[in-house]
Amino acid sequence: MTTYILRRLLELIPTMLGVTILTFALMRLSPGDPVRLMLGPEATEESITAKSVELGYERYVGGVPGTARVLGIERGNYLILHVIPNEQTDFDRERLIRLHVGEAANPLVGRFIEHEDFPVSNVIEARVSQTDVYQIGVDLDVMINRTLVKTNVVTQYFYWLGGVIRGDLGTSITSGRPVTEEIFRRMPATIELALVSMIFAILTGIIVGVLSAVYPRSILDNTSRFIVFVFLAMPSFWLGLELIILFSRNIPLFPPAGRGDPWTPQMVSHLVLPAITLGVSTGAFLCRILRSSMLQVLSMDYVRTARAKGLDSNRVILKHALKNAMIPFVTVAGLSTGALLGGSVIVETVFNWPGVGKLMIDSIRGRDFPVTMGAVLILAFIFVLVNLLVDLLYSVLDPRIRLEGSAK
Amino acid sequence: MSEYAEFWRRFRRNPLAMVGLITVVFICLTAIIAGIFVPQDSVITQDLRIALNPPSWQHPFGTDHLGRDIFLRVVYASRTSLLVGITVVAIGMTLGTLLGLLSGYFGGWVDSLISRVVDIMLAFPFLLLAIAVSATVGPLMLDWIASYGFDRSQFSMLPVIIALGFATFPSYARLVRGSVLSIKEEQFVDSARAIGVTHLPIMYKHILPNLFGTLLVYGTLRVSTAILAESGLSFLGLGALPPEPTWGNMLSDGREYLLFYSWLPLFPGLAILVTVLGFNFLGDGLRDLLDPRMKDL
Amino acid sequence: MSRFLSVFSVLILLPAVLLVASCANQRSEEHMQSTLVFGYGDNFLTFDPARQIYAQETVIMLQVLEPLVRWNNDLVMEGVLATDWYSEDGCVTWVFELRPGVFFHDGTPFTADAVKIHFDRILDPETASTRRRLIEDIVNIEVVDDLTVVFNLEAPNCIFPERLTSAFATIPSPEAIARHYHPDPSRRLDLGRNPVGTGPFMLVDWVPDVVIQMERNPTYWNLEEIHLENLEFWPIRENTTRLILLEQGVLDMATVSFAQVNVAKNSDQVSLQTSPYLSIVYIGFNTQNGPFKDKRVRQAANYAINQEEMVEYVFFGVGEPANSVLPSVLPDYNPNVRKYDYNPEKARELLREAGYGDGIQVTLWTHELGTYRIAADAVVEQLRQVGIRVDMQIFDNAVYWSKFEEYKTRDGRQYPTKEGVYDIFIGGWVGGEAPQGYFEPLFRSGSYSNSSFYVNEEIDTLLDEAREQDDPEERRKRYWRMQEIIVEEAPWIFAFHGQVNIGVRSRVQGFQINPSGRLFFEGVTID
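Okay, structure coming up:
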């Protein structure tokens, strides 16, 4: 079992890498220069350069090493540095430099003060730790007179991937905050909704599925099948809005929007409508699966035998039929997580649910591509992990699968 | 001939499938009739003075917020919505079948490579991938088309179609690969190969026809997925651009008026509902007949 | 079976363990009783005055941060953080006497230094504020004493104080600015998220997408006017949902979409307060490239649009069809400008004259939401009727305005040549109470918001003259002349002036609507 889990975990790596490649490709295909979008129309060339370097779109090469002493700090975001090259070069004069410290730039990059006409490439770069730099009198190791070059797409990808592995998905254009922070702040809301929707879907699926399999072609079966079909056929945002009007406005039972405080009665009442909207089509789907697989099992010999032997029919249904019908049910339930995560994008928007899906839609509307792609990436990761979990559960349910798997 | 007759006889006995078939035929006829008799002019011409009139004899579905006849627009939009549904399936199916066929038939590194790509694509929730593609690649594609001097609004469905097609093909690939693996084991493939038939004819003459049933069933069901997904994209502001009406963007635009002018979203919503129901019923019916193995899908 | 149960419970419980309690703070019933909840529909992004762009941001910002001067509900300018302001040398240097005894929320006293630090930051090119150009004529800012600050301008500008009513001119605590640029990045506090001002309310918590929570500032300089203990802003994007929440009393006040005004009017617990909105929705042309370079084509388009019908039937009579740039409630509105009555025949004739008898194909940019989109839909169709076929491109609010930027040059002397530039766009402008707030940004050559690339030296001269005139009557002459020229030249279709609609529940008393859409809670009480 352990080796099986390990093997499955290892298999995740290429998939995850592929997911990052596709995400990165989409991000690079998106229109507009990301740096300019991030910094706004009035950004200076210097801050654009600094940001491009920070994001790995451009980098510095060459230059000579030197030392810079911090002479002063102006308004917190300008350092006055006195720069001396370490060795004799054609760049031997000492210079004063006024270094603008961007919102979060490391390395720091600046131009020489007394030569306004220097090209941007005539820069000094200081790679500093965050604490020692801002004290007057500190000496920093710097590189002087570096050249700026554009990086190629592959380098950019690996630079970005490095960030992803460190948990750094960049900075949101609209809020200026780290994307990871923005996403994880909203994660509990999304998990809460997806989870409750899943539970709702599973319960509906089992109850309606079993009943209609036990009494096939009855009124119950036919009605529930029809309702199931209708729910599957309604666009979820429409269903959501109609539910709001019906159960929030006309019959005020549940709040129409927002998320309740966790672990309070409001949490439950806030969850009802969005969870139904999100879960109902999955529930409908699961119910169909369970019905057909149970019908299959119920028609099998051993169940008929068990019934014939006079075993209580309820127990037969539960013990034998349901158990065997469960395997496809669990698989489909696992696969439906993807539908739930995708659907949450719409349902969260309808119900003003402060989750990752809504964040993603707002970010698409705001052309905040780092956030969009961060959300896509993380939701895809979750989906992959859930699928793995389902596979593992599956192998617990049915050991034959595992054997088959390892024999491959 | 008798094979078809037998098929038809059994099909007719399945009431849901018949309802589905009639609905689908009806929708397709509507689309064709709309294409011939409803000029685009009549659905984009506005008469602001009759904006938001409730359903009446003159306007059976009422008028929308710009005084356009909702009935005509719903009828006209059947073209675009069906177009989306069918082209998305066609793109996904063609691409997916091709890859699945190669992967399942040749095995080895071809299989590993394709399966890996398919796995990666399937790692994205379907709708999420469609959203990401249409948000990023969509505008680029339209800019590209416009740069060749084409009218952007004529191609406004394209990003949606490409995004959905791209997002669906992996599931076809996986499905086809599985079926090909089992068909490959059959006697007739072996014998064909034994008498020296090359790969391409085997795939074309022996394997593809055996996939037909599965693909027909699955494709029929996926038409409804595509139509639903299109409305979802419209809701998120990523759907087809006006003035071209689709049920999705009519429903989405109409939601502003849901409280007090409920007919605006109602009729396009019902059109989606009926169409999706029709395709689902038809798909289910076909499945029962053609491919009992697929019951679980 | 037990195995199934266990497997199932794992399936369900495992993610439940992952589900941690979120940071949403719990508020008690009593707390909500003393809280006014306001629902709004837009995206609120920042409290940083240097970054603020949208009108809705202004509304929320002004609760926390205050400007030196403001327009009150009756369109009269009054002092907020300034008690007096004057210029003794013909409007070149402006002296502002500051209100004594005012403290920022962090306890820092409000002084002239705070004013200087704030405006210096806006003016610093490194700050990259989009608002810098509105006060570019400041040469320097002098601190005379703690409560006197002097703005030295490069040229006479008699309406300089009007500029300082904007949201970018609200003054944050110098300590907060220092923390924004704290040398140690780990201890920086973003000003946009952690605003510290002098306003009647202090930011308590801001959960993005959920709530912006504020409480009364106990040291507010005008505390006797502020009766509300707590104030919350809830972002709710779907108009329908927002209205339902207002009907149910979850929200005490909310912005109401035009499509729902009729109904809010009929409800007994919700009253609708409306005011003409000091703003304009317009359809701008690219006056430098393409067919709309020709004045006749622009006028033709003006004749093709039926503003009256649009306002009456599409926008439920909410708003006023526009004849000119300024809303008619402003004293400087000129009623005697050329009128473009709806006349498609004349439009076709003008098009023929301009050599476009066979029609033209143009692109239109609009943004996605509400009024703009619907106005765009209507405009596209009406233009089509006279042979102007429009290809519509829809953008989001957040990027829409920055989209224009890449096509402009800063001096306005060079014109866009870039491929793919728009021919028509839908614009909206909340110009406020001062005519300068419309003409200067929208029509001066090369101005940031002059997205129709309109260049007219006479307008530039008139604007300069108006600035230099201390006499309101003399200024009015210039504004009237500008309106005549602009309407005749038709760089826009003047579509309509909107209306502020705010739904107010009966438990809220004493609220007075402001024509700039701003919310002043002075004197407001709740049961």
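Residue numbers (this note's numbering), protein chains in the order written: chain A, 1 to 408; chain B, 409 to 705; chain C, 706 to 1232. Cβ coordinates follow ideal geometry from the N, Cα and C atoms, glycine included. Please read all numbers here as calculations on a predicted model, not as lab measurements.
Exercise. Taking C-alpha atoms, which residue in C/ASN1041, C/GLY1022, C/PHE1020, C/PRO1036 lies nearest to C/ASN1028?
Worked result: Start at 1 with the first residue of the third sequence, and residue 1028 of chain C comes out as number 323. For the residues C/ASN1041, C/GLY1022, C/PHE1020, C/PRO1036, the minimum Cα distance to C/ASN1028 belongs to C/ASN1041.
Exercise. Does B/PRO650 come within less than 9 Å of chain C when only Cβ atoms are used?
Worked result: In the second sequence, counting from the first residue as 1, residue 650 of chain B sits at position 242. Interface residue, yes.
For this session: Identify the continuous beta strand (DSSP E) that holds C/HIS1072 and give its terminal residues.
Result: Reading the third sequence from its first residue, position 367 is the one you call residue 1072 of chain C. Segment 1065–1072, the beta strand (DSSP E) holding C/HIS1072.
For this session: Could you tell me the boundaries of the alpha helix (DSSP H) in which A/GLN459 lies?
Result: This structure leaves residue 459 of chain A out entirely; chain A is present only between 1 and 408.
Exercise. First and last residue of the beta strand (DSSP E) that includes C/TRP799?
Worked result: Position 94 of the third sequence, counted from the first residue, corresponds to residue 799 of chain C. Counting along the chain, the beta strand (DSSP E) containing C/TRP799 begins and ends at 798–803.
For this session: Could you tell me whether the Cβ atoms of C/PHE801 and C/LEU773 are closer together than 9 Å?
Result: Position 96 of the third sequence, counted from the first residue, corresponds to residue 801 of chain C. Position 68 of the third sequence, counted from the first residue, corresponds to residue 773 of chain C. Yes, the pair counts as a contact, with Cβ atoms nearer than the cut-off.
Exercise. In terms of alpha-carbon separation, which member of B/VAL446, B/LEU530, B/ALA485 lies closest to A/VAL386?
Worked result: Working through the first sequence from its first residue, we reach residue 386 of chain A at position 386. When only C-alpha atoms are compared, the closest one is B/LEU530.
For this session: Give, in chain order, every residue of the stretch 675–692 of chain B whose Cβ lies closer than 7 Å to some Cβ of chain A.
Result: GLY677, ILE680, LEU681, VAL684, LEU685, ASN688
For this session: To the nearest angstrom, report how far apart C/SER792 and C/VAL785 are at their CA atoms.
Result: Working through the third sequence from its first residue, we reach residue 792 of chain C at position 87. Working through the third sequence from its first residue, we reach residue 785 of chain C at position 80. If I take the Cα positions, the gap works out to 18 Å.
Problem set entry | Secondary structure, beta strand (DSSP E): runs of 3+ residues fully inside the stretch 977–1044 of chain C | 985–990
Exercise. Helix, strand or coil for C/PHE856 per DSSP?
Worked result: Position 151 of the third sequence, counted from the start, is the residue given in the question as residue 856 of chain C. Here C/PHE856 sits in strand by DSSP.
Exercise. What are the partner residues of C/TRP1134, as DSSP defines its beta bridges?
Worked result: As a working mapping, residue 1134 of chain C is identified with position 429 in the third sequence. Its beta-bridge partners are C/ILE985.
Exercise. Taking a cut of 8 Å between CB atoms, which residues from the stretch 473–487 of chain B lie near chain C?
Worked result: HIS473, LEU474, GLY475
Problem set entry | Amino acids of chain C, ordered along the chain, whose beta-carbon sits closer than 9 Å to that of B/THR453 | Translated into positions along the second sequence, residue 453 of chain B becomes position 45. Under the 9 Å cutoff, chain C gives GLU1086, ARG1089, GLN1090.
For this session: Please compile the residues from chain A whose C-beta is within a distance smaller than 8 Å of the C-beta of B/VAL568.
Result: Translated into the one-based positions of the second sequence, residue 568 of chain B becomes position 160. Under the 8 Å cutoff, chain A gives no residues; its nearest Cβ is about 14 Å from B/VAL568.
Exercise. Residue range of the beta strand (DSSP E) that C/LEU839 falls in?
Worked result: Translated into the one-based positions of the third sequence, residue 839 of chain C becomes position 134. Element bounds for C/LEU839: n/a, residue is neither H nor E.
Problem set entry | C/ASP747 to B/GLN454 span [Cα, whole Å] | Counted from its first residue, the third sequence places residue 747 of chain C at position 42. Counted from its first residue, the second sequence places residue 454 of chain B at position 46. Those two C-alpha atoms are separated by around 29 Å.
For this session: Would you kindly work out how many angstroms separate the C-alpha atoms of C/GLU934 and A/ILE183, rounded to a whole number?
Result: The sequence position of residue 934 of chain C within the third sequence is 229, counting from 1. The sequence position of residue 183 of chain A within the first sequence is 183, counting from 1. About 32 Å.
Problem set entry | Same chain only: Cβ atoms within 6 Å of C/GLU867, ignoring 5 sequence neighbours per side | Along the third sequence, one-based indexing puts residue 867 of chain C at 162. Here the set comprises ALA1139, GLN1141.
For this session: Starting from the beta carbon of C/SER962, find every residue of chain B whose beta carbon is closer than 9 Å, and list them in chain order.
Result: Locating residue 962 of chain C in the third sequence gives position 257, counting from the first residue. Within 9 Å Cβ-Cβ: GLU664.
Exercise. What residues in its chain sit with their C-beta under 7 Å from that of C/GLY1132, if we drop five residues either side in the sequence?
Worked result: By 1-based counting over the third sequence, the position of residue 1132 of chain C is 427. The residues are TYR987, GLY989, SER1156.
Exercise. Going along the chain, which residues of the stretch 1049–1075 of chain C sit with their C-beta nearer than 8 Å to a C-beta in chain B?
Worked result: GLN1066, THR1068, GLU1073, GLY1075
For this session: Name, please, each residue of chain C whose Cβ falls closer than 7 Å to the Cβ of A/ALA257.
Result: Position 257 of the first sequence, counting from 1, holds the residue named residue 257 of chain A. Neighbours of A/ALA257 on chain C, chain order: ILE941, THR946, LEU950.
For this session: For my contact list, A/PRO354 and A/ARG186 are in at a C-beta cut-off of 8 Å; report their separation, rounded to the angstrom.
Result: Residue mapping note: residue 354 of chain A aligns to position 354 of the first sequence, counting from 1. Residue mapping note: residue 186 of chain A aligns to position 186 of the first sequence, counting from 1. At roughly 6 Å, the Cβ-Cβ gap stays under 8 Å, so A/PRO354 and A/ARG186 are in contact.
For this session: Assign C/THR870 to one of two classes, buried (16 or more other C-beta atoms within 10 Å of its C-beta) or exposed (fewer than that).
Result: The residue given as residue 870 of chain C occupies position 165 in the third sequence. C/THR870 comes out buried.
Problem set entry | Cβ neighbour criterion (16 or more within 10 Å) applied to C/GLN1204 | The sequence position of residue 1204 of chain C within the third sequence is 499, counting from 1. Buried: at least 16 other Cβ atoms inside 10 Å.
For this session: Tell me, please, whether the CB atom of B/PHE668 is closer than 9 Å to any CB atom in chain C?
Result: By 1-based counting over the second sequence, the position of residue 668 of chain B is 260. Closer than 9 Å: yes.
For this session: Could you have a look at C/VAL820 and say whether DSSP puts it in helix, strand or coil?
Result: As a position in the third sequence, residue 820 of chain C is number 115, starting the count at 1. It is helical.
Exercise. So, is C/GLN1188 buried or exposed, given that buried needs 16 or more other C-beta atoms within 10 angstroms?
Worked result: Mapped onto the third sequence, residue 1188 of chain C falls at position 483. C/GLN1188 comes out buried.
Exercise. Given a limit of 7 Å on CB to CB distance, which residues of the stretch 10–22 of chain A reach chain B?
Worked result: PRO14, THR15, GLY18, VAL19, LEU22
Exercise. Whose Cβ in chain B lies nearer than 8 Å to the Cβ of C/GLU1014?
Worked result: As a position in the third sequence, residue 1014 of chain C is number 309, starting the count at 1. Chain B residues near C/GLU1014: LEU456, ARG457.
For this session: Identify every residue that forms a DSSP beta bridge with A/ASP139.
Result: Within the first sequence, residue 139 of chain A is the residue found at index 139, counting from 1. BP columns for A/ASP139 point to A/ARG69.
Exercise. Quick one: what's got a C-beta closer than 6 Å to C/SER980's C-beta in the same chain, skipping five residues either side?
Worked result: Within the third sequence, residue 980 of chain C is the residue found at index 275, counting from 1. Answer for C/SER980: VAL1205, ILE1218, PRO1220, listed in chain order.
Exercise. If you pair each beta-carbon of the stretch 588–601 of chain B with each one of the stretch 657–668 of chain B, do three or more pairs fall below 8 Å?
Worked result: no
Exercise. Is there contact between the stretch 1005–1013 of chain C and the stretch 1189–1198 of chain C, where contact requires at least three CB pairs shorter than 8 Å?
Worked result: yes
Exercise. According to the Cβ coordinates, are B/ARG560 and B/ILE569 closer than 9 Å?
Worked result: Looking up residue 560 of chain B in the second sequence gives position 152. Looking up residue 569 of chain B in the second sequence gives position 161. No. Outside cutoff.
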